[in-house]
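A.B. asks:
Numbering (the numbering used here), first residue to last: 1 to 260.
(1) Per DSSP, residue 91 is paired with what?
(2) Secondary structure at residue 321, three-state DSSP: helix, strand or coil?
(3) Among the candidates 34, 55, 16 and 33, whose CA atom is the shortest distance from the CA of residue 118?
(4) Taking residue 93 as the reference, which of 138, 18, 147 and 169 has the closest Cα?
(5) Please name the residue in 67, 84, 1 and 134 whose C-alpha comes closest to that of residue 44.
(6) With distances taken between CB atoms, is the gap from residue 166 to residue 144 smaller than 8 Å?
(7) Rounded to a whole number of angstroms, what is the C-alpha to C-alpha distance between residue 7 and residue 69?
(8) For residue 263 and residue 189, I'd like the C-alpha separation in whole angstroms.
(9) Can you grab the Cα-Cα spacing for the pair residue 102 / residue 108, in whole Å?
(10) Answer yes or no: do residue 123 and residue 89 have a C-beta to C-beta separation smaller than 8 Å?
(11) Just confirm the distance between the C-beta atoms of residue 30 and residue 53, as a whole number of angstroms; I'd bet it's less than 8 Å.
(12) Pull up the CB-CB distance for residue 87 and residue 3, whole angstroms please, since I reckon it's below 8 Å.
(13) What is the residue span of the alpha helix (DSSP H) that residue 30 lies within?
(14) Residue 82 and residue 13 - do their beta-carbons sit closer together than 8 Å?
(15) At what residue ranges does the segment 58–103 contain a whole run of the alpha helix (DSSP H), taking only runs of 4 or more?
(16) To the nearest angstrom, how far is the alpha carbon of residue 71 from that of residue 99?
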């Protein structure tokens, strides 16, 4: 790819902060990309720009300049300009990171349809695991600039095959697995551990493999989930959805649990 001039590589990039030309309207920015990179005549480039802006839901701001539109509208306009270049590969550099929650939700829904409807491969860079799982068919986990894991999104999330990927995906690493007669490390995903009433009082943790006695646990609400963190040799963190926490009458603060 690097042996080709940029306009022949078939790659388009959408940055975190879109860099449209400030002295041109949104329509003119997209049409310019269609004309220069998509190699369309000027009249056809404007028609293609109008189609893409309509397709991405920002036709109403076509005559405005970049400084006159919202962040979400600007992000969609930049995406339209990238698609106007008719790329074979679209590289998205954390395109949702600077958007508010509702705007990001709408943009994510749009991005999920792009590969199928526009016929373009998408490489989406993000630090948001939920975003990656929602949008990706395959995930590549990077650690210290190197590939730690790659594969089908669901498989990588539920059953990573490398220690680095497990740590980055939020698994709790419980030392080596020698006590199970196995090699390697034992890792538990936070969602695989469930607090249950203990017959002797307190709670027990379903998902642990051996008796570890009573542990002190901190509770912290995180939106739709309750994050619990307790000393289970070493510190172990796990999450419980709000409905489950309500059923067990758990509250924020500190409580005592029994693990099994």
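Even for Gly, the Cβ is constructed at its ideal location relative to N, Cα and C.
C.D. replies: The answer reads as follows:
(1) If you number the chain shown from 1, residue 91 lands on position 91. For residue 91, which the question treats as bridged, DSSP gives the partners 13 and 123.
(2) This structure cannot settle anything about residue 321, because the visible part of the chain is limited to 1 through 260.
(3) Residue 118 sits at position 118 when you count from the first residue of the chain shown. The residue with the shortest Cα to Cα distance from residue 118 is 55.
(4) In the chain shown, residue 93 corresponds to position 93, counting from 1. Minimum Cα distance to residue 93 is reached at 18.
(5) Numbered from 1 along the chain shown, position 44 holds the residue referred to as residue 44. Residue 44 has its Cα closest to that of 84, out of 67, 84, 1 and 134.
(6) Position 166 of the chain shown, counted from the start, is the residue given in the question as residue 166. Position 144 of the chain shown, counted from the start, is the residue given in the question as residue 144. Not closer than 8 Å, so no.
(7) In the chain shown, counting from the first residue as 1, residue 7 sits at position 7. In the chain shown, counting from the first residue as 1, residue 69 sits at position 69. Going from the Cα of residue 7 to the Cα of residue 69 covers about 28 Å.
(8) What the structure shows of the chain is the stretch from 1 to 260, and residue 263 is not part of that stretch, so it cannot be assessed.
(9) Indexing the chain shown from 1 puts residue 102 at position 102. Indexing the chain shown from 1 puts residue 108 at position 108. Answer to the nearest angstrom: the Cα atoms are 10 Å apart.
(10) Indexing the chain shown from 1 puts residue 123 at position 123. Indexing the chain shown from 1 puts residue 89 at position 89. Yes, they are a contact pair.
(11) Residue mapping note: residue 30 aligns to position 30 of the chain shown, counting from 1. Residue mapping note: residue 53 aligns to position 53 of the chain shown, counting from 1. Contact holds; Cβ gap of about 6 Å.
(12) As a working note, residue 87 is residue 87 in the chain shown. As a working note, residue 3 is residue 3 in the chain shown. Contact doesn't hold; Cβ gap of about 18 Å is too wide.
(13) In the chain shown, residue 30 corresponds to position 30, counting from 1. It spans 26–36 - the alpha helix (DSSP H) in which residue 30 sits, taken as one unbroken run.
(14) Here residue 13 refers to the residue found at position 13 when the chain shown is read from its first residue. Here residue 82 refers to the residue found at position 82 when the chain shown is read from its first residue. In this structure, residue 82 lies closer than 8 Å to residue 13 by Cβ.
(15) 71–84
(16) Position 71 of the chain shown, counted from the start, is the residue given in the question as residue 71. Position 99 of the chain shown, counted from the start, is the residue given in the question as residue 99. Roughly 7 Å separates the two Cα atoms.
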